[in-house]
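Using UniProt numbering, the letters of the sequence shown map in sequence onto residues 1 to 273. Here the structure is laid out as structure tokens; the discussion comes afterwards.
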Amino acid sequence: MLKKLLIVTGFAVTQFFTASTFAKTDITYYGQAGYKIVTPQGHVIMIDPWLTNPKNPKGQEQLNALQKVDLILLTHGHFDHIGNTVEIAKKTGAKLVTNFDLGKVMVEKLGFPKDQFGYPTTGNIGGQIPLLDGEVKVGFTQAIHSSSVGVPLADGTETYYGGTVTGLHIQIKDGPSFYHTGDTDVFKDMELINLFGPVDIMLAAIGDTFTMGPKRAAHAVKLVQPRKMVIPNHFGTFPLLRGTPEQFAGFLKEEGVVTPMRVMQVGETIRVE
Numbered sequence: 001m002l003k004k005l006l007i008v009t010g011f012a013v014t015q016f017f018t019a020s021t022f023a024k025t026d027i028t029y030y031g032q033a034g035y036k037i038v039t040p041q042g043h044v045i046m047i048d049p050w051l052t053n054p055k056n057p058k059g060q061e062q063l064n065a066l067q068k069v070d071l072i073l074l075t076h077g078h079f080d081h082i083g084n085t086v087e088i089a090k091k092t093g094a095k096l097v098t099n100f101d102l103g104k105v106m107v108e109k110l111g112f113p114k115d116q117f118g119y120p121t122t123g124n125i126g127g128q129i130p131l132l133d134g135e136v137k138v139g140f141t142q143a144i145h146s147s148s149v150g151v152p153l154a155d156g157t158e159t160y161y162g163g164t165v166t167g168l169h170i171q172i173k174d175g176p177s178f179y180h181t182g183d184t185d186v187f188k189d190m191e192l193i194n195l196f197g198p199v200d201i202m203l204a205a206i207g208d209t210f211t212m213g214p215k216r217a218a219h220a221v222k223l224v225q226p227r228k229m230v231i232p233n234h235f236g237t238f239p240l241l242r243g244t245p246e247q248f249a250g251f252l253k254e255e256g257v258v259t260p261m262r263v264m265q266v267g268e269t270i271r272v273e
């Protein structure tokens with residue numbers, strides 16, 4: 001694999017060249033489980049967009065700079081995944097892609113714009129929906145976790161059912177496919193995720209305590225067998241998220257995984273071609 005550094009919109013961008021031919025697809029990491037994907041056609045997809053998390057000192061600046069977002073994908077209802085979803089949607093008109101129960105709570109309790117969520121962008125485990133005139137297909141995968149939505153009230157926080165917890169398989173036309181594990185433990189049926197289509201890039205939680213830690217995440221990569229790279233996330237944001245990329249790399253080696261690990265820095269963008 002060859003690589004070179006580019007400068008795109010102020011970020012250092014690593015460009016990956018492989019035997020496969022993709023049009024350029026950019027992915028930006030915001031910390032915790034939050035990403036932005038810019039497709040070859042220029043559409044913008046946000047996943048679990050908590051830009052203003054404690055590990056992102058430029059989060060508010062990046063949030064203010066967002067001008068175009070087409071889709072916001074949510075894996076579940078916890079605050080560190082909903083993040084800045086409502087603010088982004090109101091600013092950009094982005095559609096919400098998630099399960100029906102979480103979307104309903106987002107609209108009724110958190111003020112997500114009602115006309116930006118509905119059946120065309122709703123799915124559940126095992127389903128796959130075409131979006132953006134077929135440019136993107138989103139498949140909803142199993143995840144082992146919990147989901148609730150906390151709504152601040154004057155006397156504390158009220159909690160609402162957040163629907164089914166999911167991972168996400170995202171297929172980009174003329175571009176790579178992504179598997180975002182969401183918050184989950186490893187499970188045997190990760191072997192079946194490629195039925196949505198082969199996974200090129202796996203975005204894997206490794207932090208432990210609330211998700212799989214580095215050892216179990218390494219086994220998850222072995223089950224999924226992403227073709228190009230695995231990018232760890234959901235570590236280090238809080239002290240309880242003790243798993244580290246260094247530990248993850250060691251366990252990947254123990255598992256005999258040959259897929260390269262790519263540790264993205266908060267605020268970094270890489271280009272996949």
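Glycine included, each C-beta is placed from N, C-alpha and C at the ideal position. Bear in mind that the values here come from a model prediction, so they are computed numbers and not experimental data.
Inter-residue spacing [alpha-carbon to alpha-carbon] between Gly126 and Lys95: Walking along the sequence shown from the start, residue 126 turns up at place 126. Walking along the sequence shown from the start, residue 95 turns up at place 95. Approximately 21 Å between the Cα atoms of the pair.
Secondary structure of Asn64, DSSP reduced to three states: Here the question's residue 64 lines up with position 64 in the sequence shown. Here Asn64 sits in helix by DSSP.
Residues that Arg227 bridges to, as DSSP identifies them: Position 227 of the sequence shown holds residue 227. BP columns for Arg227 are empty, so no partner.
Alpha carbon of Gly267 to alpha carbon of Asp48, nearest angstrom: Residue numbering aside, residue 267 sits at position 267 when the sequence shown is read from its first letter. Residue numbering aside, residue 48 sits at position 48 when the sequence shown is read from its first letter. About 15 Å.
Inter-residue CB distance, Asp174 and Pro40 (contact presumed, cutoff 8 Å): Taking the first residue of the sequence shown as position 1, residue 174 is located at position 174. Taking the first residue of the sequence shown as position 1, residue 40 is located at position 40. A Cβ-Cβ distance of about 5 Å is found for the pair Asp174 and Pro40, placing them in contact under the 8 Å criterion.
Straight-line gap, Thr141 to Gln60 (C-alpha atoms, nearest Å): Stepping through the sequence shown from its first residue, residue 141 is reached at position 141. Stepping through the sequence shown from its first residue, residue 60 is reached at position 60. Thr141 and Gln60: Cα-Cα distance of roughly 31 Å.
Cβ neighbours of Ile231 in the same chain (closer than 6 Å, five flanking residues each side left out): What you label residue 231 is simply residue 231 of the sequence shown in a count that begins at 1. Same-chain partners within the cutoff: Leu203, Arg262, Met264.
Range of the contiguous alpha helix (DSSP H) that encloses His81: Your numbering for residue 81 matches position 81 in the sequence shown. That run of the alpha helix (DSSP H) goes 79-82.
Close beta carbons around Val221, own chain, < 8 Å, minus the five adjacent residues each side: Here residue 221 corresponds to residue number 221 of the sequence shown, with the count starting at 1. Here the set comprises Met202, Ala204, Val230, Leu252, Glu255, Val257, Thr259.
Unbroken beta strand (DSSP E) run spanning Pro152, endpoints: As a first step, residue 152 must be located in the sequence shown, where it is residue number 152. Note, Pro152: beta strand (DSSP E), 148-153.
Host alpha helix (DSSP H) of Val38 (start-end): Here residue 38 refers to the residue found at position 38 of the sequence shown. No alpha helix (DSSP H) holds Val38; the beta strand (DSSP E) holding it covers 34-38.
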